[in-house]
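First up is the structure itself, then whatever we jot down about it.
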Amino acid sequence: MNTQIIETKAAFKAITDQLRHDGKSIGFVPTMGALHDGHCSLVRRAVKENDVCVVSVFCNPTQFNNAEDFEKYPRTIERDAALLEKEGVAFVFNPSPEEMYTADEMNHRFEFDFGGLDKVMEGKYRPGHFNGVVQVVSKLFDLAQPTRAYFGEKDFQQLAIIRRMAKLMNYDIEIIGCPIVREASGLALSSRNERLSAEEKRTAINISHILFESRQLTAMQNVSEVQHWVIEQINLVPGLTVEYYQIVDQDTLQPTDKWDNAIGCVTVYCGPVRLIDNVKYN
Ligand code: PAF
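Here's what the structure looks like:
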């Protein structure tokens with residue numbers, strides 16, 4: 003199948019409108035590009051479960067609260083398009099920032115309120131981040147109006163917020179969360195891994211190992227003890243610095259003291275690269 007690359011909102015909307023008019027189900031995978039096997043797992047599922055799979059590749063400026071992070075985010079559209087063609091993706095939406103946003107939208111952003119879901123963890127350390135994510139995802143949903151949309155569980159908080167947004171905004175879209183894909187070493191796949199040196203990558207492997215090991219402790223230790231243990235163990239690894247590790251309820255994302263329905267979410271700096279991961283405790 004030849005994948006068609008679309009650069010304008012009008013063309014993207016016209017194509018997806020026509021697909022819906024023809025009675026086709028649309029599986030949508032929003033991405034920021036620099037695709038890896040984690041994205042491919044979402045795409046494969048979208049291809050399998052829908053008549054047509056549509057992917058967006060758009061590095062969204064409004065969700066970065068650090069200009070350098072935005073500049074350094076890998077951009078690999080040619081490689082991404084070739085990969086998506088192999089996976090059987092019909093359409094790739096790859097707009098420029100100017101196409102996606104008017105100057106007004108860039109300067110005056112809507113403030114979304116997710117009743118606490120967006121205030122903890124990533125929301126606390128990256129103010130405005132989820133506002134930007136919701137801004138772009140809602141725009142993409144409005145254009146594509148897909149049947150199903152696929153998101154990775156590595157960004158667990160993002161997934162929870164998008165589910166909430168879809169409910170609050172009455173989107174008739176099934177939001178599907180897909181499990182984290184890991185290297186054989188355990189390292190969670192991320193576009194940011196491309197920025198790790200070979201040595202940093204070896205160091206980063208410790209993050210998932212410590213998270214997995216913490217699962218063994220739940221029979222003897224309470225939530226707060228395991229939380230402290232994880233932070234201490236990761237910080238003991240030279241080259242790793244924990245930004246936060248929080249064990250929260252999977253639905254509310256609020257701190258919990260019960261193991262039932264608990265998930266531990268971590269952000270760690272490996273050298274200059276900010277990595278996230280999580281582990282479920284049941
Ligand atoms: O998870 C991502 O890659 C981004 O946050 C998303 C959902 C594509 C929005 O820009």
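Quick note: the sequence shown uses this note's numbering, first residue 3, plus one each step.
Note that beta-carbon positions come from the ideal geometry of N, C-alpha and C, so glycine has one too.
Residue environment, residue i, which counts as buried when at least 16 other CB atoms sit within 10 Å
i: Asn68; result: exposed
i: Gly25; result: exposed
i: Thr10; result: exposed
i: Arg197; result: buried
i: Tyr104; result: In the sequence under discussion, the amino acid at residue 104 is Thr, which differs from the Tyr named in the question. So Thr104 ends up on the exposed side.
i: Ala84; result: exposed
i: Ala146; result: buried
i: Arg128; result: buried
Other residues of its chain near residue i: CB distance less than 7 angstroms, five sequence neighbours each side excluded
i: Thr220; result: Val228, Trp261, Tyr283
i: Asp120; result: Phe132, Ile163
i: Met171; result: Ser140
Local conformation of residue i per DSSP, three classes
i: Phe14; result: helix
i: Glu245; result: strand
i: Phe95; result: strand
i: Phe153; result: strand
i: Gly266; result: strand
i: Thr64; result: helix
i: Gln223; result: coil
i: Leu277; result: strand
i: Lys260; result: coil
i: Asp19; result: helix
Residue i beta carbon near the ligand PAF (any heavy atom closer than 7 angstroms)
i: Met123; result: no
i: Thr18; result: no
i: Asp279; result: no
i: Val135; result: yes
i: Gln159; result: no
i: Thr78; result: no
i: Thr33; result: yes
i: Asn67; result: no
i: Val183; result: no
i: Val138; result: yes
Other residues of its chain near residue i: CB distance less than 8 angstroms, five sequence neighbours each side excluded
i: Pro32; result: Val57, Ser58, Phe60, Val138, Val139, Leu142, Ala151, Phe153
CB contact below 8 angstroms: residue i versus chain B
i: Ala83; result: The structure shown contains no chain B; it holds only a single protein chain.
Neighbourhood of residue i by C-beta distance below 6 angstroms, restricted to the same chain and skipping five residues each side
i: Ala48; result: Gly29, Val31, Cys55, Tyr152
i: Pro257; result: Val250
Open item on the list: Within 8 angstroms, do at least three Cβ pairs link the stretch 151-162 to the stretch 38-47?
Closed with: Verdict: yes, contact present.
Open item on the list: So, does the stretch 93-101 touch the stretch 206-224, judging by three or more C-beta pairs under 8 angstroms?
Closed with: No: the two stretches stay apart, fewer than three of their Cβ pairs being nearer than 8 angstroms.
Open item on the list: I'd like to know if the stretch 71-88 and the stretch 3-20 are in contact, where contact means that at least 3 CB-CB pairs between them fall below 8 angstroms.
Closed with: The answer is yes - the stretch 3-20 touches the stretch 71-88, with three or more Cβ pairs under 8 angstroms.
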